[in-house]
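Note sheet for the following structure.
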Amino acid sequence: MATDSKEGGQELVFHPMDQFIVKPLFGDGPVGLFTVTNVTFWMVLTVLAIVALLVLGTSSRATIPGRAQSIAELAYGFIRKMVADVAGKDALPYFPYIMTLFMFIVFSNFLGLLPGAFTTTSHIAVTAVLAMLVFVAVTVIGFVKHGTGFLGLFWVGAAPLPLRPILAVIEVISYFVRPVSHSIRLAGNMMAGHAVIKVFAAFAPLVLISTGIGLVVTPLSILAITAIYALEILVAFIQAYVFTILTCVYLKDALHPAH
Amino acid sequence: MASETTDAANAAASACVDAGGGAIGMPQLCADWMGNQIFWLVVTLVVIFFILSRVALPRIAAILAERQGSITNDLAAAEDLKVKAQDAEDAYNKALADARAKANEIIAAAKLDIKADYDAASAKADAQIAEKTAESEKAIAAIRAGAMESVEAVARDTAGELVVAMGAKADAAAIDKAVAARLKG
């Protein structure tokens, strides 16, 4: 790296994955379980942003809302309606949990788009915990609410009898694959977008090295960064939305296991 | 890149970072860092959950409920005011109709008064006219009677003079008789 910096004017430097490195925030040394790291820093920022929007933004309790309060109310109404529509009215007691997931993911995604930011949701360790929380919670809720009747989720009553055992196997496999796809979808999207931006960013200084081809490549890569960034803004929201709506869908399975 | 360079040596202790501070493979798969991330994630989620469930969500729910309430109240008040406006309009129309009826009454009464006054004045004028007529007739009769007398006297004088002029002796009594007979005829 040090050599790369010295030769910055000589050759392109590709380190698209360095942005995902976890490192201690203060001093150096190994990353222990409780070490305050850049992960901590960006998660604290996420909490502060959520507080700023949902607590400070609504502090005036205005009947005619201001901008921040409008957005807070919009987020509240959006997720609450999603829970009620997708998982049913009886899922509303779980609304605060789902809102927690959504707010964390959406703010992590957006904060991760700040230049130089560390994207906590691009790490499979983070998204896997989120997905496992949902998976375990949904499974527990299913069994608590319906006992063994929850297993009816895997027994497709509408299918012809001989097919049912085969379908049951498929259903069980798909059920256990849920947390995997749930977590990898989010982390993968976040990681890929950020890595792609970084690759294009590495091409951008080409004009300083090789003026001829650089005159073509540099504007193109800057344009590409801009385009991918716009796409990433979209993805940041959509992935939070997808994660949340899938949580609602899984919750619906737990509350109403019958097909 | 520069800051990463200075940090590079720090992180070098980890198995997932090379001597230059660059990532080896995918940092996402570095087991050394997962515990730290999971710990802070759980802390973060618990904090967010308590902030949301204790402060933010009840507050937003209260704001929305309050707004819904005031909208409902306002609609009810608007309905109320509409009814009041309807009542006021009805009252206005009624007052207008009453006033019209009263005006008609007043007009009718005034007409009656005027007619009575007119009739009285008319009768009085008629009486005066009749009186004047009678007076005039009397005066005319007097004048006529006066004129007859004068005619008789003139006729008598003229007859006397004529008789004298024709050389006869005027007999006053005969002349009177002749004139009276003539005037009667």
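Listed in order, the protein sequences are those of chains G and S.
Quick note: the first sequence uses our numbering, first residue 2, plus one each step.
Quick note: the second sequence uses our numbering, first residue 105, plus one each step.
Backbone N, C-alpha and C define an ideal beta-carbon position, used for all residues, glycine too.
These numbers come from a predicted model, not from an experiment.
Apart from the five residues on each side of it in sequence, which residues of its chain come closer than 7 angstroms, Cβ to Cβ, to residue i?
i	result
R165/G	W156, V157
S184/G	I125, T128, A129, L131, A132
V250/G	V87
V197/G	I229
D111/S	Note that D111/S scores a pLDDT of 48, beneath 50, so its modelled location is shaky; the value from the coordinates is reported in the next line. Only G125 meet the Cβ criterion.
V236/G	N190, G194
A160/G	L168
F42/G	L26
A3/G	Because the pLDDT at A3/G is just 37, under 50, the model does not fix this residue reliably, and the value given afterwards should be weighed accordingly. Nothing meets the Cβ criterion.
H147/G	P258
A119/S	D136
R179/G	F136, Y251
G89/G	K253, L256, H257
With distances taken Cα to Cα, identify the nearest neighbour of residue i among the options.
i	options	result
V170/G	F204/G, L152/G, R81/G	L152/G
A166/S	V52/G, I51/G, G78/G	G78/G
Y95/G	L134/G, L49/G, F15/G, I210/G	L134/G
L54/G	A69/G, A118/G, S61/G, P17/G	A69/G
L287/S	A189/S, K273/S, E256/S	E256/S
A202/G	L46/G, P116/G, Y176/G, V139/G	P116/G
Determine the contact status of residue i and residue j, defining contact as a CB-CB distance below 9 angstroms.
i	j	result
L207/G	V218/G	yes
T120/G	H195/G	yes
L145/S	V40/G	yes
L252/G	V84/G	yes
I101/G	L156/S	Strictly speaking, residue 101/G in this sequence is Thr, with Ile absent from that position. Cβ atoms of T101/G and L156/S: closer than 9 angstroms.
E12/G	L114/G	no
V56/G	V159/S	yes
I80/G	I99/G	yes
W137/S	T38/G	yes
F21/G	M192/G	yes
V348/S	A251/S	Since the displayed chain S opens at 105 and closes at 289, residue 348/S lies outside it and no answer follows.
R163/S	T59/G	yes
N140/S	V32/G	yes
Using a Cβ-Cβ cut-off of 6 angstroms (strictly less than) and excluding sequence neighbours within five positions of residue i, which residues of its own chain qualify?
i	result
A205/G	T219, S222, I223
A127/S	none
I142/G	A255
P17/G	A196, K199, V200
E8/G	Reliability of the predicted coordinates at E8/G is poor, the pLDDT of 43 falling under 50, and the value obtained from them is presented with this limitation in mind. For E8/G, where only same-chain residues beyond five positions count, there are no Cβ hits under 6 angstroms.
E172/G	F155
C134/S	C120
Whose C-beta lies closer than 8 angstroms to the C-beta of residue i among residues of the same chain, with five residues either side of it excluded?
i	result
I51/G	M104, F105, F108
D223/S	none
V268/S	A274
Note to self: Residues of the stretch 155-184 of chain S in Cβ contact with chain G at a cutoff of 8 angstroms, in chain order, please.
What the structure shows: Taking 8 angstroms as the Cβ-Cβ cut-off against chain G, the residues of the stretch 155-184 of chain S that qualify are I155, L156, S157, V159, A160, L161, R163, I164, A165, A166, I167, L168, E170, R171, S174.
**Q.** Residues, ordered as in the chain, of the stretch 72-96 of chain G that lie near chain S by beta-carbon distance below 8 angstroms
**A.** So the list reads A73, E74, Y77, G78, F96, given in the order they occur along the chain.
- [ ] May I ask you to list, following chain order, the residues of the stretch 119-133 of chain S that have a beta carbon less than 8 angstroms from some beta carbon of chain G?
- [x] Within the stretch 119-133 of chain S, the qualifying residues are C120, V121, G124, G125, G126, A127, G129, M130, P131, Q132, L133.
- Task: With 9 angstroms as the C-beta to C-beta threshold (strictly closer), list the residues of the stretch 36-51 of chain G near chain S in chain order.
- Result: From the stretch 36-51 of chain G, only T36, V37, T38, V40, T41, M44, V45, T47, V48, I51 have a Cβ closer than 9 angstroms to chain S.
Chain S contacts made by the stretch 115-130 of chain G, where a contact means CB separation under 8 angstroms:
For the stretch 115-130 of chain G, which is checked against every Cβ of chain S, the residues closer than 8 angstroms are T121, S123, H124, I125, A126, V127, V130.
Any residues in the stretch 135-146 of chain S with a beta carbon nearer than 8 angstroms to a beta carbon of chain G? Which ones, in chain order? Cβ contacts with chain G: D136, W137, M138, G139, N140, Q141, I142, F143, W144, L145, V146.
Query raised in the report: Hey, which unbroken runs of the alpha helix (DSSP H) at 4 residues or more fall wholly within the stretch 27-107 of chain G?
Result: As far as the stretch 27-107 of chain G is concerned, its whole alpha helix (DSSP H) runs of at least 4 residues are 39-51, 68-83.
| task | Just list the beta strand (DSSP E) runs in the stretch 153-240 of chain G, keeping only unbroken ones of 3 residues or longer that don't cross its boundaries, in chain order. | result | Scanning the stretch 153-240 of chain G for uninterrupted beta strand (DSSP E) segments of 3 residues or longer gives nothing; none is fully contained.
Practice item. Could you list the residues in the stretch 218-238 of chain G with a C-beta less than 9 angstroms from some C-beta on chain S, going in chain order? Key: With the criterion set as a beta carbon lying under 9 angstroms from some beta carbon of chain S, the stretch 218-238 of chain G has no members that meet it.
Please list the segments of the alpha helix (DSSP H) lying wholly inside the stretch 173-240 of chain S, counting only runs of 4 or more residues, in order along the chain. With a minimum length of 4 residues, no continuous alpha helix (DSSP H) run stays inside the stretch 173-240 of chain S.
| task | Output, in sequence order along the chain, the residues in the stretch 187-221 of chain G whose CB is closer than 8 angstroms to any CB in chain S. | result | From the stretch 187-221 of chain G, only A188, M192 have a Cβ closer than 8 angstroms to chain S.
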